[in-house]
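A.B. asks: Going by UniProt numbering, the first residue of the sequence shown is number 1, and it counts up by one from there.
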Amino acid sequence: MANANEIYTTGLAIIDSGVGSSPIGADCVIASNFDDNLKDHFTRNIDVETNMYKNTVGITNLPGCFNGRLLYSCALIALSQLNFGMDQSAFSNTQAMPAFKEMYGTYNKTTKTYDLDPVFLSLLNSVQFIGFVFGLVFGNLLSRRFGRRIAMFVMCWWAIISGIILLLSKTQTQTITGRTIAYVYIGMELALVPVLQSELVPAQARGFVVGTYQSGLLLGSLIMAIICRGTSEIVGHASWKIPYGLFFVIPSFLAVGVWWIPESPRWLLTRDRSDEALRSLTLLREGRYSSEEIEVEFNDMRTALSQNIKKGSPKDLFQGTNRKRTLITIGVNIFLQLTGQNFSSKYGTVFIQSIGTVNPFVMSCINSAVGIVVVLITQLLSDKTGRVPLLTAGAFIQTAALMVMGGLGTVAQPSWNVKTGIVTMVTIFNVGFSLGWAPLSHVVAAEIPTTGLRDLTYALGSVFNIVIQWAVAFSVPYLLSAEYAGLGSRVGFIFGATSLLAILFSLFCVPECGGKTLEEIDELFLRGVSIRDFRKTKISSRIGDHEAGPQTKKHESEISVLERPAIRVHVDMGAKTSEDDYHHRNGGGGPGSSGSSAMGGEPRGAHLSRDGDGSLGDNGGGDDEDSAGDGHQKKKAKKAPPTEQSSPPRVPLSDLFPSGNYPPGEFLEYPDGARETNTARTTAAEMRYLGRHHLEDPAFLDDYRKAAEVHRQVRHWVKDSVKPGQTLLQIATGIEDSVRALLGNQAIEPGDGLKSGMGFPTGLSLNHQVAHYTPNPGHKDVVLKHEDVMKVDYGVQINGWIVDSAFTMSFDPVYDNLLAGVKDATESGIRAAGIDVRICDVSSAIQETMESYEVEINGKVYPVKPVRSLCAHDIKRYLIHGGKSIPFTKNNDQTKMEEGEIFAIETFGSTGRGRTHEDDGVYGYGLNPDAPERVALPFETATRLHKVIKEHFGTIVFCRRYLDRIGLDRYLAGLNCLVSNGVLDMHVPLADIKGSYSAQFEHTILLRESKKEILSRGSDY
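1) Helix, strand or coil, according to DSSP, for G421 in the structure here?
2) Taking E263 as part of the beta strand (DSSP E), name the residues at either end of that continuous run.
3) Can you give the Cα-Cα distance for E933 and E918, rounded to whole angstroms?
4) Assign Q172 to one of three DSSP states: helix, strand, or coil.
5) Given a cut-off of 9 Å on the beta-carbon distance, is the pair A991 and T916 in contact?
6) Quick check on the burial criterion: 16 or more other C-beta atoms within 10 angstroms. Buried or exposed for Q797?
7) Is it true that the CB of L668 sits closer than 9 Å to the CB of R831?
8) Rounded to whole angstroms, what's the CA-CA distance from I905 to S290? Just pull it up for me.
9) Give me, in chain order, the residues of the same chain whose beta-carbon lies closer than 7 Å to that of L123; leave out the 5 immediate sequence neighbours on both sides.
10) Counting C-beta neighbours from all protein chains within 10 Å, is the total for I731 16 or more, i.e. buried, or is it exposed?
11) I believe N322 touches L168 by the beta-carbon criterion, under 8 Å. Please report the beta-carbon distance rounded to the nearest angstrom.
12) Which value, in whole angstroms, describes the spacing of the CA atoms of N417 and Q379?
13) Measure the C-alpha to C-alpha separation of Y244 and S869 and round it to an integer number of angstroms.
14) Which first and last residues belong to the beta strand (DSSP E) in which residue 1070 is found?
15) What residues match up with residue 1071 in a beta bridge as DSSP calls it?
16) Determine the contact status of K947 and H768, defining contact as a CB-CB distance below 9 Å.
17) Using 10 angstroms around the beta-carbon of P887, count the other beta-carbons present and answer buried if the total reaches 16, otherwise exposed.
18) Measuring CA to CA, which of S499, G924, N430, V332 is closest to T762?
19) Throw me the rounded Cβ distance for the Y662 and V789 pair, which I believe falls under 8 Å.
20) Spatial neighbours of D841 within its chain, please: CB distance less than 7 Å, with the 5 preceding and 5 following residues excluded, ordered by chain position.
21) Roughly how many angstroms separate the alpha carbons of N745 and T1004, rounded to a whole number?
22) Along the chain, where does the beta strand (DSSP E) that runs through I798 open and close?
23) Round the Cβ separation of P698 and L729 to the nearest angstrom and send it over; I've been treating them as touching at under 8 Å.
24) Buried or exposed: where does I164 fall if 16 or more other Cβ atoms within 10 Å of its Cβ makes it buried?
25) Going by DSSP, what residue range makes up the beta strand (DSSP E) through I902?
26) What ranges does the alpha helix (DSSP H) occupy inside the region 375-439, keeping only unbroken runs of at least 4 residues that lie completely in it?
27) Below 8 Å, can you find three or more Cβ-Cβ pairs linking the region 366-373 to the region 216-223?
28) Across which residues does DSSP place M152 in a beta bridge pair?
29) If I measure Cβ to Cβ from residue 1103 and keep anything under 6 Å in the same chain, skipping five residues before and after, which residues do I get?
30) Whose C-beta lies closer than 6 Å to the C-beta of M405 among residues of the same chain, with five residues either side of it excluded?
31) Tell me which same chain residues have a C-beta within less than 7 Å of the C-beta of V467, skipping the five on either side of it?
32) Assuming Q214 and Y104 are in contact, meaning their beta carbons sit under 8 Å apart, how far apart are those beta carbons, in whole angstroms?
33) Using beta-carbon positions only, say whether D781 and T727 come within less than 9 Å of one another.
34) Can you name, in chain order, every residue of its own chain whose Cβ lies under 7 Å from the Cβ of F811, other than the five neighbours on each side?
35) I315 lies in the alpha helix (DSSP H); which residues open and close that run?
36) Could you compute how far the alpha carbon of T94 sits from the alpha carbon of V296?
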C-alpha cells in the first residue's frame, strides 16, 4: 500500500453509496427468529423516514422544504419559463397590432386595412414546431450526456442568438425562420426544466415546484401582455419590435446564475458519480433536514436506481412496468394539447378581436392574470388534494366551457350578450385549464418515469405533445377562418369532446403520486400496484427492500415492514448469496445459501456454519448428526486433520498448523559495513523506551509469521485462479473471504476486527491506475481483460501487526519486461535495506535498477520510470504508514533504518510520466491517529458511526464494503461529517496518464538484530 503521507486527501468527503439490501420478494414474512436488534434497526429507519415524510403534504409545510440554495435553484429555473410565456404572448398579441399587419399582411381594398393571410398565420404558429422537436431531442441528449446545468447554459445562449435573428427579420420567411430557430430554445426548456425541478425538490414540494413550469409561463405571458398593451398604442414598427427585443433579458440573467444551481443528484447517480450526488443533495437539503434524513433520501435514490434501469435505451421504454409508465406519460402530453389550450394561447387575442366586444389586449391581460392566480392555487393544493382530483375537475370545467362556447357559436346573428358569453367562456376555459392540465401535466409526466429513463420517457411524451400542438396550431386558422371551415366559436365542440376524454383518462389512467418520493413511485410500479390503489398504498419501510420479480397480485393498503425479509443480498465471487448479518452476529446458524461461487468458493460466511461433523460444509458422506432424518443423532466421526489448503482457501491456518509454529520468512544478511558506520546506535533500553518492546514479546513474531503465511496461501490461490473475464468485485471479495477464513475470524462483532483481519482494503488497480482502487458499492463493476495489467495489493493483520505485500498480474507477455523491472527494483530495495542504512541509499538502489529496464508496447519502446509521488514506508502497530517514507528516486534523506522497525519495501514503475494524480472515486478511510479521542460532532449519526469505526477498525484503513458487511447502512452523511471534521482521512485512487501501464511489487521485512527477515517471502516471489 502506497505511502499515506504522500496521497492523503483533504476537504469534503462525500462518497458514492452502495446498494444496501435487496430482499427476495415483496410478500415474504420475516422468520420467527427476527431478533430484537433487527427490529430496532428497522424501527430506527422507519422513525427517520416517518419524521422526514410525515405531514409532508399541504400548504403549511412548503416553507420548511426550502433552504437558501434550493429556493434559489427553483426560483432561477422557474424564471426561465417566463421567456416561454413571453414568446407565446408576444406573437399572439403582436399579430393583432396594425404595424405588424402592415409589415407582414396584405392590403384589403374592401376594408381598407391590412390583414394577415391565414397561410402565414398557420405557418407562423406551426412551422416553429420543427425547431421545437429539434430542441427537445437536442436538449434531451445534452442533458443526459453532460448534465442539467450544461444543458441550461447552452439553452440560454441559443435563446440569445435566436432573439437577435428574430429582431432583425423583415420578411414573412425570415420571421417564420427566426421563430423556428427560437423554438429550439423552447424545446430544450421543455426537455429540461420539469425533469430538473422534479429531481431537485423533496416529495412534499414537487407538485408545487414543477407547477411553476405553467405559472412561470403564465406570468411571462401576463408581463408580455401588459407590455404589448402599452406598445400597441405606439405608431410604427416599434410597437411589435420592443416586445421581441425583451427576449434577451431572461436568458442572459439565467446563463450567469445557472452555475450556482447544484447538479441533479439523481442524474449524477446515473453517471456513477455518487460522491458528487451526495454533495449536491446535501447542498439542497442541509439546514432543513438532518444528516440522517438526507442519508435516508440519498439511499432511497441509490437503491431505487439499482432496482431499475440505470442508463436506459429507447427499447427499455416499453419493457416491463416501464411500458405502463411510458404510455401514461404519452397520454398526459396528448390530452394537454387536445383540450384546446393551443387554440386559446395562440389565437385567443385574434379570436376575441374577431368577436368585437372588448379590447383584445385588455382581455389577454385579464386571462393571463386569472390563469396565474388559479395556477398558484393549484400549485399549493396539488400535494394536498393530489393530482387526479385537480386534473379531473379542470377537465370538467374545460369541457363545460368549450361546449357552451360551441353552443353559443351556433347562433346565426349573435347579439352583444352572446358574443360576451363566448369571450367569457374563453376565460372560464382558462380557469379550468389552469386548475388542472396546465400545471399538473408536467408534474405527472416528470414524476411517473423511472430515474434511469426519465429523460427518454419525458422526451417521448413531449414529442407527442409537440405533434399535437403542431396539428392544432396548423388547423385552427383554417377552422376559424370564414374562407375555409368558418367554424368560429363552434370549435368548442371539437375541443370539448377531447376534454371529456381527458376526464376519463384522469380517473382511470393517472396514478395518484402526490406526497410520494420518486423512489416510492418506483417501488409501487415494481410491485404491480394498480393505478387506483396508488393513493392508499403506503410504503412503511425503506425503499428497495425487495428485488424485482414476478408481480404480486396482493395490493395491501399498507405494505408493512414485517412483510420484508430481514436479509442482505450481495454478490460474492459471482454468486448472489443471502446473508443475515444480524443473525450471524447473535450466534445464529449458517448462511442462507451454500452454493459455490463462480470461482469455486463457498459463499461469503458459509465457513461460519459447521455441519454436524464439524467440517467445512457437507461432503455428502452423511456425517451429520441426523443425516438419516430419523431424529436419532449419530456419533461424530473423527476426521484426520487437513494437510493442505483448499481451493479457494477455506481451511483455517490453525488446522494446518496445530502446533502454532508458522514458517518464517527469508533471512538475509545486512549490507556489509552498514552497521559499523553508525557511531550513535540506540541501546536496548532506549529501544524499549522508543516503543520497540514488541521485539521482546514472543507472540509478536508468531502473529507476524501467521499473517504472512495467510498472505502467501491466498496469494498462491489468486495467481492460480484469477483469469480474464472475472470482475474486480469477485476477485476482491474472493481474496478477503479467503483471508478471513484462514484467520478463522469473520470480524463481525465489535472488537473482532482488531484481533485479526484485513490490514487494508484489497487494491486492484488496472493499467494507468497506479494504486488505491478497490471496487466499492455503487461503482460499475469492472471486468478484468486479457490486455490488463493488474496490481494486487492486500494486507493481513493479527493483533495490529500488518503484513503488506503486493504483486502484479498480466496475461500478455508484452508486459513481462515492465513487471520484471519493477520486481527487480523491489528486490534491490530489500537487499539495500538494513539497520543503520540511510533511506537515500535505498532509494538510489531502487531507481538505478528500475531505470535500467524498458518495455516495447505496440512497436514503441518505453522506459520504465519510478513513480515519484509514491513511497515505500515503515509499518507500526495498527498503522499501515508509520511515518518513515522511502521514495523510489534519489534524494538526500539521511534518516536511518533502525533495529526492530518493520518496512513495506515496495516499488511502482510506469510507462507514463511517473507521476500520479487523484482519480475519481474513493478507495477507503482511516481514523486520523492525531485526532482527539473525543470530538464534538454536529450529527448524531456521525457520533454513532465514529464509535462503530473505533470498535471494528481502530486506525486500520477500511472501505465501504466493510461497513456494509457488518450490517451498517445509511452511513454516508456520517462519513462526510467525520472527514470534514478531521476525524477520518479519506484515500482516493491514484493514476498516471491514460494509456500508460504500471506495475507494483512489495514485501514486508523485519529488521532483526543480526539479520533481516522478509516476512512475506514465498516460493512465488
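Glycine residues also receive a C-beta, built at the ideal position from the N, C-alpha and C atoms.
The structure presented is a predicted model; accordingly, all values stated were derived computationally and were not measured.
C.D. replies: In short, the structure shows the following:
1) helix
2) Membership of E263 in any beta strand (DSSP E) is not indicated, and neither H nor E is assigned to it by DSSP.
3) 30 Å
4) helix
5) yes
6) buried
7) yes
8) In a straight line, the C-alpha of I905 is about 45 Å away from that of S290.
9) I176
10) buried
11) Wrong, their Cβ atoms sit about 45 Å apart, outside the cutoff.
12) The alpha-carbon atoms of N417 and Q379 are separated by roughly 34 Å.
13) Rounded to whole angstroms, Y244 to S869 spans 58 Å at the Cα level.
14) This structure leaves residue 1070 out entirely; the chain is present only between 1 and 1021.
15) In the structure as shown, the chain starts at 1 and stops at 1021, and residue 1071 therefore has no counterpart that could be examined.
16) no
17) Of the other Cβ atoms in all chains shown, 16 or more fall within 10 Å of the Cβ of P887; this residue is therefore buried.
18) G924
19) Taking a contact as a CB-CB distance under 8 Å, the pair Y662 and V789 does not count as one, their CB atoms being some 32 Å apart.
20) A832
21) 23 Å
22) 789-798
23) Not quite, the Cβ-Cβ distance comes to about 40 Å (not below 8 Å), so this is no contact.
24) Flag for I164 reads exposed.
25) It spans 902-910 - the beta strand (DSSP E) in which I902 sits, taken as one unbroken run.
26) 387-408, 416-435
27) Yes, they touch.
28) Answer by DSSP bridge pairing: none, since M152 is not bridged.
29) The structure shown has nothing for residue 1103, since the chain only spans 1 to 1021.
30) The beta carbon of M405 sits closer than 6 Å to the beta carbons of I422, M425, S489, G492 from its chain, once the five residues preceding and following it are set aside; these are given in chain order.
31) none
32) Incorrect: roughly 30 Å between the Cβ atoms, too far for contact.
33) yes
34) Taken in chain order, the residues that qualify are P724, H786.
35) For the record, residue 315 in the displayed sequence is Lys; it is not Ile. Counting along the chain, K315 falls outside any alpha helix (DSSP H), and DSSP gives it neither H nor E.
36) 52 Å
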